[in-house]
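To start, the structure under review is shown below, and the notes come after it.
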Amino acid sequence: MDQINETVAFEFVLLGLSSSWKNTIFLMSTFSLLYVSIIVGNLFIVFLVINDSRLQSPMYFLLANLSLIDVGLSSTTVPKMISDLLKEHKVISFHSCMTQICSIHIMGGVEMVLLIAMAFDRYTAICKPLHYMSIMSPRICISFVIAGWVTGVVHAMSQFSFVVNLPFCGPNKVDSFYCDFPRIIQLACTDRDTFEFVVAANSGFMTLGTFFLLLLSYVFILVTVWQRSSGDLSKALVTLSAHITVVVLFFTPCMFLYVWPFPTSSTDKYLFIVDFAVTPALNPVIYTLRNKDMKEAIKKLSKQRCYIRIF
Numbered sequence: 022m023d024q025i026n027e028t029v030a031f032e033f034v035l036l037g038l039s040s041s042w043k044n045t046i047f048l049m050s051t052f053s054l055l056y057v058s059i060i061v062g063n064l065f066i067v068f069l070v071i072n073d074s075r076l077q078s079p080m081y082f083l084l085a086n087l088s089l090i091d092v093g094l095s096s097t098t099v100p101k102m103i104s105d106l107l108k109e110h111k112v113i114s115f116h117s118c119m120t121q122i123c124s125i126h127i128m129g130g131v132e133m134v135l136l137i138a139m140a141f142d143r144y145t146a147i148c149k150p151l152h153y154m155s156i157m158s159p160r161i162c163i164s165f166v167i168a169g170w171v172t173g174v175v176h177a178m179s180q181f182s183f184v185v186n187l188p189f190c191g192p193n194k195v196d197s198f199y200c201d202f203p204r205i206i207q208l209a210c211t212d213r214d215t216f217e218f219v220v221a222a223n224s225g226f227m228t229l230g231t232f233f234l235l236l237l238s239y240v241f242i243l244v245t246v247w248q249r250s251s252g253d254l255s256k257a258l259v260t261l262s263a264h265i266t267v268v269v270l271f272f273t274p275c276m277f278l279y280v281w282p283f284p285t286s287s288t289d290k291y292l293f294i295v296d297f298a299v300t301p302a303l304n305p306v307i308y309t310l311r312n313k314d315m316k317e318a319i320k321k322l323s324k325q326r327c328y329i330r331i332f
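What follows is the structure, encoded as structure tokens:
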């Protein structure tokens, strides 16, 4: 019991991203702009989906949930990363560190399930258009979201239960701007092999399995379209390009950190800037500029605002 109390009272020192003042100003400005664009862009998508009747469909319901998850995932790390850039001593308590880890893995699990659901939605729309509304019913869409949260919680807690009671009695410096299982386990003063295997098997298997499942689903869609009509292949590629872009951006950092052996290089931390800041900022652009319905909804909203100003 005393060992657990000592662990709970422990603090970790985050080494962050940069020690140069010029780099600090650049990074703070860049990430502040990215975070504002994440909040505004993703919440704007949610607003459009709720406000426009033409967007009341399964695909946009899933997209709105993905946007909310992107906001949550970014908010677990980016605000603290920005504030820490101005601090000489970047300290995070044990409780805050564990909360951040759990939040990241819960929402990461939800996002993976939502990406699978969106791939299934595109498969149904392209390969079974006549049965689309019966297959992608509101009940099925809600079930996907619930399954995402259940998966995320189970995924996070199955690792958290192993890590939370580890003894931390040695170095407390984390060579990153956020807490995560791989780097925290490296600081434990005990045999780490078992815990590293649990995290690598859990997060690594889930990441790699989901990535290949998504790639196979896209290949299956394209093969099905090509067999029916080779002329529609380019149209299907355009439709799926946004999804493929998001999948590649999201899963590449995860595979580098969780599938390969535990991180030994400080450059690994920069990869997750893509997941926490770049991808959530790009998603609204990818899904609005490449989507006809979204562009029409934006035009309609602009016309409504102009009408209100006139009268």
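Following my numbering, the numbering of the sequence shown begins with 22 at its first residue and continues without gaps. Glycine is no exception: its CB is placed at the ideal position from the N, C-alpha and C atoms. Predicted model only: the values in this text are computed from it and were never measured.
Item                                                                                                                                                   : Value
If I follow the unbroken beta strand (DSSP E) through GLU109, where does it start and stop?                                                            : From DSSP, GLU109 is part of no beta strand (DSSP E); its letter is neither H nor E.
Between the Cα of LYS108 and those of SER96, SER41, LYS313 and PRO188, spot the shortest distance and give me the residue it belongs to.               : SER41
Would VAL195 pass as a contact of LEU94 if the rule is Cβ separation under 8 angstroms?                                                                : no
Three-state secondary structure (DSSP) at LEU48?                                                                                                       : helix
Quick one: Cα of VAL280 to Cα of VAL220, how far?                                                                                                      : 10 angstroms
Note down the Cα distance separating GLY225 from VAL92, rounded to an integer number of angstroms.                                                     : 24 angstroms
Determine the direct distance from the alpha carbon of PHE183 to that of GLN77, and round the result to whole angstroms.                               : 42 angstroms
Quick check: the stretch 170-184 against the stretch 125-137, are there 3 or more CB pairs under 8 angstroms?                                          : yes
Under the three-state reduction of DSSP, which class applies to PHE33: helix, strand or coil?                                                          : strand
Reducing DSSP to helix, strand and coil, say where SER114 ends up.                                                                                     : strand
Starting from ALA85, trace the alpha helix (DSSP H) both ways and give me its first and last residue.                                                  : 79-96
Quick one: measure Cβ to Cβ for LEU84 and VAL70, integer angstroms, because I've assumed they're closer than 8 angstroms.                              : 7 angstroms
Measure the alpha-carbon distance for SER255 versus LEU278 and round it to whole angstroms.                                                            : 34 angstroms
Quick check on ILE256: does DSSP put it in helix, strand or coil?                                                                                      : The question names Ile, yet the displayed sequence has Lys at residue 256. Helix, per DSSP.
Per DSSP, what are the beta-bridge partners of VAL195 in this structure?                                                                               : LEU35
Among the candidates ILE137, CYS148, ASN72 and PHE68, whose CA atom is the shortest distance from the CA of VAL244?                                    : CYS148
Give the C-beta separation of CYS123 and PHE33 to the nearest angstrom, bearing in mind that I take them to be a contact with Cβ-Cβ under 8 angstroms. : Actually they do not touch by this definition, with Cβ atoms about 15 angstroms apart.
To the nearest angstrom, report how far apart THR97 and MET49 are at their CA atoms.                                                                   : 16 angstroms
Within a Cβ cutoff of 7 angstroms, which residues of the same chain sit near LEU261, ignoring the five residues on either side of it in sequence?      : ARG143, TYR239 and ILE242
Answer with buried or exposed for PRO192, where buried requires no fewer than 16 other C-beta atoms within 10 angstroms of its C-beta.                 : exposed
Which residue's Cα is closest to the Cα of CYS275: LYS43, THR45 and THR300?                                                                            : THR300
Looking at the secondary structure, which residues open and close the alpha helix (DSSP H) in which GLN207 lies?                                       : Neither: GLN207 is in no alpha helix (DSSP H) and is coded neither H nor E.
If you follow the alpha helix (DSSP H) that PRO159 is in, where does it begin and where does it stop?                                                  : 159-184
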